[in-house]
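Here the sequence shown stands for residues 101 to 178, where the numbers follow my numbering. Even for Gly, the Cβ is constructed at its ideal location relative to N, Cα and C.
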Amino acid sequence: MEGSIVEMGALIGAGLACTGMGGAAIGVGNVVGNYLAGALRNPSAAAGQTATLFIGIAFAEALGIFSFLVALLLMFAV
């Protein structure tokens, strides 16, 4: 009985850790949306901001990957 309660807690924690992936998706959408808004206002400066766009996407996705790894650790390390 006690082992199942610990497993249940680990799975609930893994589900809560997966909410970070949703946050990463919102962050990527925000980064790309702001880039497109700026590119439409000033198309000549858009080419210079492409590297910044990819860096922002990479940082936002890294947080999603970290939350996914935490969820995997909670699910399988118990």
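**Message:** I need the DSSP call for ALA146, collapsed to helix, strand or coil.
**Reply:** Three-state DSSP puts ALA146 in coil, outside helix and strand.
**Item:** C-alpha distance - LEU136 paired with ASN130, whole-angstrom precision
**Value:** Cα to Cα, the separation comes out at about 10 Å.
**Request:** Please look up how many angstroms separate the CB atoms of ALA177 and ALA124, rounded, as I've assumed it's under 8 Å.
**Result:** ALA124 and ALA177 do not touch by the CB rule: their CB atoms are close to 22 Å apart, not below 8 Å.
**Item:** Chain-order list of residues whose beta-carbon lies under 6 Å from that of VAL128 (same chain, five-residue window excluded)
**Value:** So the list reads ILE157, ALA160, once near-sequence residues are dropped.
**Item:** CB contact flag (ALA110, VAL170, <8 Å)
**Value:** Cβ atoms of ALA110 and VAL170: not closer than 8 Å.
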